[in-house]
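Residue numbers (our numbering): 322 to 849.
Note that the Cβ used here is the ideal one computed from N, Cα and C, for glycine as well.
Okay, structure first, notes after.
Next comes the structure, spelled out in structure tokens:
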């Protein structure tokens, strides 16, 4: 008979394997274009990425499940996640960068339902963390067969953010490998540095087909928007490369010239005493089963050392100081609902961390705020509001990991997506919802029974049972980490064993941003 820890481990690994299998779908789908790409003398998008990044540094790929769960393809068995875009944080010539790569191996890189929103989120991170924004562009543009007006309108944010990055003093570097048409032409147009690959790259507001349809004019790709034309006539291109590898080499030279290399790492730290492998078996498969989140903290922080704050007051809310890969942090988590004392304690702790300039790490496993006459009379609303005020206005980096439950207003009080944490990651078994499915079903059942009694109608037990099953199924489906990550409600699902590395990356990125001096301008750099 397996122990509870063994069952938890099996459940976590099953969910993690499901996530990795979905991610592999995107890799395999793109790789099937290898023969066609190589025949044209081109590298696949992930091959380009591998040549671009420093081989001795990790690449933290973000939002890998974007667009899954029937958003682009209604069949979960064939849906390919990623939205034909690869984004993540990596190093180029020793410079930490946000990198975005159109995956032209999937539908020629055409924009999907959430491609624009994924790129916008990557740009927002780059802007907040002062990361050079590097993009490898090859996209067929919008899929006119799947045109949606909201995609067109929201997509304008991509160009808005490029202008803001440049004006904020954060360089934007673009390497054009293939088509960059229509609105996509403004990807290089709003870049500070542009490299185009001769014979492959084309940038124009209207391609040959649209030009002929709109005006009757006939022109070739090269006449309209080829690399040599843009380098010698329009001035859009700063450099012309002979092929993909030459373009990548030139891009690395540009980033090398920017020179924003990481400062030498002076921090020293020791690993946790408790093994990260244990994290697979700690989080209960049944989110209703309680867990002491201190056991999670012990496997994430340096030396497993955690200095708890007000341990005897508001005991369900756990706050304290620790270090993660040498970075001092304040950690907040929960061993039960947020009550009046816990909310007050958390608000005070956040303010103390802000006073110290100390980043905040939220480890979410929260069922919500306490309810009932006793708690309402004790001022639950005003005490919860104090926490929301402190959290919303904290001026330090805020990092959130959804470890288990993230239910009700607890999602808000512990820095959920709506509160704009600098980074937000999920464990595979995390659950996010306004409440549990059973609670939602019971609530609606009570409403229906009371309505029937008021109107003197008989209660239809069969109908209520069927409705309850439907509600539970809907909540269970929508609350899963795979579903919420598909909708870009986090920055990616991570292996619990690697939580420390992901938080270390995020803390190093945020620390570097706070130290980096940029030169903002009134406007972004204009192409001459």
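Per DSSP, residue 747 is not a residue of any alpha helix (DSSP H); the beta strand (DSSP E) it occupies stretches across 744 to 747. The beta carbons of residue 662 and residue 643 sit about 22 angstroms from each other, so the pair does not count as a contact at 8 angstroms. Per DSSP, the continuous beta strand (DSSP E) segment holding residue 640 begins and ends at 638 to 645.
A buried status is given to residue 638, since no fewer than 16 other beta-carbon atoms sit within 10 Å of its beta-carbon. For the pair residue 842 and residue 556, the CB atoms are not nearer than the 8 angstroms cut-off. The beta-bridge partner set that DSSP reports for residue 493 consists of 454.
Pairing residue 750 with residue 336 gives a Cβ-Cβ distance under 8 angstroms. A direct Cα-Cα distance of roughly 43 angstroms separates residue 445 from residue 766. Look at residue 655 here: in three-state DSSP terms it is strand. By the neighbour-count definition (other C-beta atoms within 10 Å, threshold 16), residue 578 is an exposed residue. DSSP places residue 546 in the helix class (H, G or I) of the three-state scheme. Inclusion of residue 789 and residue 718 in the CB contact set at 8 angstroms is not warranted, their separation being larger than that value.
Of the residues 617, 569 and 634, the one whose Cα lies closest to the Cα of residue 626 is 617. Nearest to residue 592 by C-alpha distance, out of 722, 515 and 825, is 825. Assignment of residue 449 by DSSP, reduced to helix, strand and coil, places it in the helix class. For residue 327, DSSP assigns no beta-bridge partner whatsoever. Within the same chain, 457, 516, 568 and 572 come within 6 angstroms of residue 496 by CB-CB distance, once the 5 residues on both sides are set aside.
Counting C-beta pairs with one atom in each stretch, the segment 602 to 611 and the segment 430 to 448 have fewer than three that are closer than 8 angstroms, which means they do not touch.
Between residue 417 and residue 833, the C-beta spacing is below 8 angstroms. Taken through DSSP and simplified to helix, strand or coil, residue 789 comes out as helix. Per DSSP, residue 750 lies in no beta strand (DSSP E) segment and is marked neither H nor E. Counting along the chain, residue 407 sits inside the beta strand (DSSP E) bounded by residues 406 to 413. Taking all protein chains shown into account, residue 762 has 16 or more neighbouring C-beta atoms within 10 Å of its C-beta and is therefore buried.
For residue 481, the uninterrupted alpha helix (DSSP H) segment begins and ends at 470 to 488.
The DSSP-derived three-state label of residue 776 is coil.
In this structure, residue 369 and residue 422 form a Cβ contact; the two beta carbons are roughly 7 angstroms apart against a cut-off of 8 angstroms. According to the DSSP assignment, residue 733 belongs to the alpha helix (DSSP H) that extends over 731 to 734.
In this structure, the CA atom of residue 664 is about 16 angstroms from the CA atom of residue 693.
In the DSSP annotation of this structure, the continuous segment of the beta strand (DSSP E) that includes residue 525 starts and ends at 523 to 525.
Assignment of residue 374 by DSSP, reduced to helix, strand and coil, places it in the coil class. Counting of Cβ neighbours within 10 angstroms places residue 634 among the exposed residues, the total staying below 16.
C-alpha of residue 742 to C-alpha of residue 581: approximately 24 angstroms in a straight line. Per DSSP, residue 531 lies in no beta strand (DSSP E); the unbroken alpha helix (DSSP H) holding it starts and ends at 529 to 536.
According to DSSP, residue pairing for residue 438 in a beta bridge does not occur. Sequence-distant partners of residue 452 (beyond 5 residues in either direction) whose C-beta falls short of 8 angstroms from its own C-beta, in its chain, are 410, 417, 418, 419, 446, 491, 830 and 834. When C-alpha distances from residue 392 are compared across 383, 402, 384 and 385, the shortest belongs to 402.
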